[in-house]
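Residue numbers (full-length UniProt numbering), protein chains in the order written: chain A, 1 to 283; chain B, 1 to 349.
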Ligand SMILES: Nc1ncnc2c1ncn2[C@@H]1O[C@H](COP(=O)(O)OP(=O)(O)OP(=O)(O)O)[C@@H](O)[C@H]1O
Ligand SMILES: [Mg+2]
C-alpha cells in the first residue's frame, strides 16, 4: 500500500506550501482502496469468473437491458427534474425571507434522514389509485403507482436534497455587486438571472445533478414499493439483482452489478471532466 | 449630462449615511468624492446610479428627476470597488454584455458587439486578452476590464468606486494618468470615489470633501488645499497645525498676548487657529507673533520639521523650516502664519 508516494520516484507538482501532502494523499489512497476499491474489485472478480459468453448473454438478456434502461432512465429524468426545482428551492431559501423559511429549510433534509422504505410506502399510499394524489390523477388518465412515472417520483423525492444542498451555498456566495453591475449595464431581472446568475451556478448544479443521479441509480428501498416491479415495465436493476440473488444465481447478480458499476463510473467520470473544465476557467 | 443632487438624505434603519447633501456636477466634469471611511461616498455614488433610493431629496439628470428612471434606464456606467466581473464570461463577453442585453431593436449585431469589445480593449490597453476569463487576469487588468465594460454602454455618467483602491502605488499612478486621458478623450461626466487625497487633488477638476454624511467643501484642488473652509478639511487635506486661541475685539490672542492676526468677522470667545506648517514667516523680534521653544526637530526630505512648545508646553505645534536655517537650532522661535484661518469653537450641545 502506498503510504509515502513522494518517495515513489514520481514527481508531483508541488501543490502548495502547506506540508502534509504526501501523508494525506497516502492516507486518502489507502482509505479509498480499503473502503471502495477492494469490495468493488471483488465484484468484478466474481463476475469475471463467469466467462465472456455467459457474461454477454446475461448482459444482453432483454430483462436485464430493460431493467438497466429503467434504472438509468428514471434516475436521469429525476435528476434533471431535481436540477430545475432544486435550484429554485435553493434560490427561494437563500433569497427570500418568509415565515416558515427555517421549517422548509429543515424539511429539505428529510429525504436524507427518512428510512427509504418509509418514504416508499408513504409515496405508494399517496399515489396508488385510491390515495390522495392517485385519486386526483386517475380521472386525468395518469397512472403513477406501479409505473416508471412512480419510480421517477420516488427518485425526485430522494434526490432533492442533493441538488438543494450543493447549490444553496453557492447562491449564498453570489456577490450582490455582480447583480447590480448587470442592472447598471441595462440587464432586466430575467436577463440577470439567466445570463449572469445561473451560468455562475453551473458547476454546483452539475455536481448536484451527479449526486442525485448516482443516488437515483442505486436507490432501492423507496422505489420497490411504488414501482410495482413488473418485469420489462417497472423493474429496476437493483431489484433484478436481488431477484437473481434469491434464485441463488450469484453469477447473474454480479454480472448485472458489474454493468451498473461500469455505467455509473463512466457517467460520473464524464460529469467530473465537464466539471474540472469549468472549474479551471472560473477559478 | 449634468447631474444635480438636491438636498438628499439617506438613512439605513434610521442611521443617516447622508444628511442633506447637495451637489451640482457639470457636463463632462471629472469629480472626486474624497473622505474618510464611512463618510458616505459609496452611498452617494449608489444613489446617483439608482442602486439605492434617497430617503429625502431628489437627484436630477439634466432637468429630469432621475427617480422616474429605473437603474437600467439611467444609463450610468458603474465600476465597483471589487470589479464585480462576470466570472463565467470571457473578457470580451463581459465587455459586450451591456450591448447584448439591449432590446432587439437597439441591439448591435454579434459581429458589431465583438468589434466594439476589442476597440474598448485597445482603449484600456488589454488588446489580445478577449478570450481570457476574469480569474486569469491580474487585479489591475480586471479593473480595466470593469472600466471597459462600463464604457461599452456609452454611459451618460461614469461612476467609479475607489477604482484603484486594491492596487499597488505604481500601478495606481499609471492608471490615474490613464483615466485622465480616457476622460479627456471620451468626455463622459465622471465621478470617482477615493480616500487618497493625492489621487483626488491630482486627477479631478473639482474635489468634493465629505465627512460624516455631509459635504464639507466643494472646490478645485487649489481651493480645497489653500482655503479650506472647515477645521475638518484643514485636518483632512494636507498637513496642518492648530492652536487654541481667543478672539477679542477682532484680535486673535494666545493666552494673554495678541499674536498680530486679526479676525474682525469673528465673535469674541474661544476659537482655534489653523495654518499649514510650511506657510509661515519667521520673525526676529516679537511684537505680535507666536513664540515657542524648540522641542524636537527632524529632517523631512528637503525641509526640516520643528516641533514647538507654545505657552509653557501646554500645546505643541509643527512648523517647517528650510534646512540649515539658524532658527532650527535656536531654542526659541518666533513666527507668524502667512495663510491661516480661525474657526470659532463649536457651541456645545
Ligand atoms: N446597506 C447598508 N445598511 C446599513 N448601513 C449602511 C449600508 N451601507 C452603508 N451604510 C452605512 O452608511 C455609512 C456610509 O457608508 P458608505 O459605504 O457610503 O461609506 P464610504 O464613504 O464609502 O466608506 P469607505 O471609504 O469605507 O468605503 C457607513 O456608516 C455605513 O455603515
Ligand atoms: Mg465605499
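Cβ coordinates follow ideal geometry from the N, Cα and C atoms, glycine included.
No experiment lies behind these values; they were computed from the predicted model shown.
Going by DSSP, residue 94(B) is part of the alpha helix (DSSP H) stretching over 91-100. The beta-carbon of residue 164(B) is placed no less than 8 Å from the nearest beta-carbon of chain A. Chain order gives no chain B residues near residue 57(A), where near means a beta carbon separation below 7 Å; the closest approach is about 48 Å. No residue range can be given for residue 230(B), since it is assigned to no beta strand (DSSP E) and is classified by DSSP as neither H nor E.
With 6 Å as the limit, the residues whose C-beta approaches any heavy atom of ligand 1 more closely are 12(B), 15(B), 17(B), 35(B), 37(B), 38(B), 39(B), 40(B), 41(B), 42(B), 43(B), 195(B), in sequence along the chain. A straight line joining the alpha-carbon of residue 97(B) with that of residue 74(B) spans about 16 Å. Residues 90, 93, 94 of the same chain have their beta carbon placed closer than 8 Å to that of residue 168(A), with the five preceding and five following residues left out of the count.
Along the region 170-202 of chain A, the positions whose C-beta sits under 8 Å from a C-beta of chain B are 175, 177, 178, 180, 181, 182, 183, 184, 185, 186, 187, 188, 191, 195, 196, 199, 200, 202, read in chain order. For residue 86(B), the chain A residues whose Cβ falls inside 7 Å of its Cβ are 178, 196, in order along the chain. Ranked by Cα distance from residue 265(B), the first of 212(B), 249(B), 306(B), 325(B) is 249(B). With three or more CB-CB distances shorter than 8 Å, the region 54-62 of chain B counts as touching the region 5-13 of chain B.
Chain A places a beta carbon closer than 8 Å to that of residue 82(B), counting this residue as a contact.
Comparing alpha carbon positions, the residue from 22(A), 276(A), 252(A), 149(A) closest to residue 234(A) is 149(A). For the set 210(B), 340(B), 15(B), 319(B), the Cα lying nearest the Cα of residue 31(B) is the one of 210(B).
Secondary structure at residue 167(B): coil, using DSSP grouped into helix, strand and coil. Inter-segment contact for the region 65-83 of chain A and the region 118-138 of chain A is absent: fewer than three beta-carbon pairs are separated by less than 8 Å. Boundaries around residue 110(B) are those of the alpha helix (DSSP H), 110-123, since no beta strand (DSSP E) includes it. Among the bridge pairs identified by DSSP, residue 280(B) is matched with 337(B). Taking a C-beta distance under 8 Å as the contact criterion, residue 326(B) and residue 272(B) do not qualify as a contact pair. For residue 51(B), the C-beta contacts it makes with chain A under 8 Å involve 180, 183, 184, in order along the chain. Neighbours of residue 102(B) in chain A, taken as residues whose beta carbon is under 9 Å from its own, are 186 in chain order. Nearest to residue 139(B) by alpha-carbon distance, out of 116(B), 329(B), 126(B), is 126(B). DSSP places residue 112(A) in the uninterrupted alpha helix (DSSP H) bounded by 110-113.
Within a 10 Å sphere around the beta-carbon of residue 94(B) sit 16 or more other beta-carbons, which makes this residue buried.
No heavy atom of ligand 2 is found nearer than 7 Å to the CB of residue 105(A). Exclusion of the five residues before and after residue 55(A) leaves 47, 255 as the residues of its chain whose Cβ lies within less than 7 Å of its Cβ.
Under a criterion of Cβ atoms nearer than 8 Å, the residues of chain A adjacent to residue 78(B) are, in order, 180, 181, 184. Collapsing the DSSP output to three states places residue 260(A) in a helix. Any Cβ of chain A closer than 8 Å to the Cβ of residue 143(B) would place that residue at the interface, and such an atom is absent.
The contact set of residue 153(B) on chain A, defined by CB atoms closer than 8 Å, consists of 185, 186 in chain order.
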